[in-house]
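To start, the structure itself, in structure tokens.
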């Protein structure tokens, strides 16, 4: 089990760029502010680091279009993306106010796909990392994404082995409260000792590495 692979994520991550050079989703996130951008950004990183990812974090909408589902203070946010040339290109974002996604937003996202996920290079814009740096929230966002990744991996392992939270607590000789904190995607205060005990019970191996960050152009 690793919060983030030293080999790099399975897909890249970029904003969609219009013909005239605008990046609508980047501008939308900027307008939402740092707090909401950190929440949405951490979900995007979690998807990028663990792709492919399914529900509840990601849902497929057909024709190569997917959505990342984020929640902050009871508000629902959706970021639509496609996978083009091994890159997660984020094409549109909305605050979801109705049960079903507005047709106009889906049509806009699909128009930007340029034919089922095949996108010309000129429409692949800047990286998420450059935006996080611009907003000065990279460190906080990556920390939250690491915890969300660990929570995702633990829940997947529990499902594979049919281990309930009560059983995991019993085999770890700890309380349900500790298990709930460990599985809470937003709780970044869980100790390595707790994660190590849980991974042993679930047949996982903790794999943590520190590597030099590669600088890339935005």
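Residue numbers (our numbering): 35 to 252.
Beta carbons are placed, not taken as given, at the ideal position from N, Cα and C, and that holds for glycine.
Inset, instruction - Whole angstroms is fine: what's the gap from residue 115's alpha carbon to residue 203's? - result: When rounded, the distance between both Cα atoms is 37 angstroms.
Inset, instruction - Would you be able to state if there are at least three C-beta pairs under 8 angstroms between the segment 184-203 and the segment 235-249? - result: In short, these stretches touch, since the Cβ pair count reaches three.
Inset, instruction - Measure the alpha-carbon distance for residue 84 versus residue 172 and round it to whole angstroms. - result: Rounded to whole angstroms, residue 84 to residue 172 spans 18 angstroms at the Cα level.
Inset, instruction - Measure how close the beta-carbons of residue 113 and residue 59 come, nearest whole angstrom, since I'm counting them as under 8 angstroms. - result: With 8 angstroms as the limit, residue 113 and residue 59 qualify as a contact, their Cβ atoms being about 7 angstroms apart.
Inset, instruction - Could you give the DSSP three-state label for residue 180: helix, strand or coil? - result: The DSSP-derived three-state label of residue 180 is helix.
Inset, instruction - Confirm, please, whether the CB-CB distance from residue 61 to residue 104 is below 8 angstroms. - result: Taking 8 angstroms as the Cβ cut-off, residue 104 and residue 61 do not qualify as a contacting pair.
Legend entry - Rounded separation between residue 160 and residue 207 - CA only: Their backbone Cα atoms lie some 47 angstroms apart in a straight line.
Legend entry - Completely contained beta strand (DSSP E) runs for the segment 152-236, where each covers 3 or more residues: With a minimum length of 3 residues, the continuous beta strand (DSSP E) runs that stay inside the segment 152-236 are 158-161.
Inset, instruction - Report buried or exposed for residue 108, applying the criterion of at least 16 other Cβ atoms within 10 angstroms of its Cβ. - result: In summary, residue 108 is exposed, with fewer than 16 beta-carbon neighbours lying within 10 Å of its beta-carbon over all protein chains present.
Legend entry - Selected residue, minimal CA-CA separation from residue 122, among 209, 218, 201 and 98: When 209, 218, 201 and 98 are compared, the shortest CA-CA separation from residue 122 is found for 98.
Inset, instruction - Find the nearest neighbour of residue 56 within the set 157, 90 and 232, judged by alpha-carbon distance. - result: Per the Cα distances, 157.
Legend entry - Straight-line Cα distance separating residue 201 from residue 2: Any answer about residue 2 is impossible in this case: the structure gives the chain only from 35 up to 252.
Legend entry - As assigned by DSSP and simplified to three states, the class of residue 139: Note: residue 139 maps to helix in three-state DSSP.
Legend entry - Local Cβ density within 10 Å of residue 54, reported as buried at 16 or more and exposed below that: It is exposed - the Cβ of residue 54 has fewer than 16 other Cβ atoms within 10 Å.
Inset, instruction - Would you kindly check if the distance between the Cβ of residue 184 and the Cβ of residue 78 is under 8 angstroms? - result: In this structure, residue 78 sits away from residue 184, with a CB-CB distance that is not shorter than 8 angstroms.
Legend entry - Secondary structure of residue 80, DSSP reduced to three states: DSSP, reduced to helix, strand and coil, places residue 80 within a helical segment of the structure shown.
Legend entry - Start-to-end residues for the alpha helix (DSSP H) that takes in residue 57: Unbroken run through residue 57: none, as it is neither H nor E.
Inset, instruction - Rounded to whole angstroms, what's the CA-CA distance from residue 145 to residue 50? Just pull it up for me. - result: Near 12 angstroms, if we compare the C-alpha coordinates of residue 50 and residue 145.
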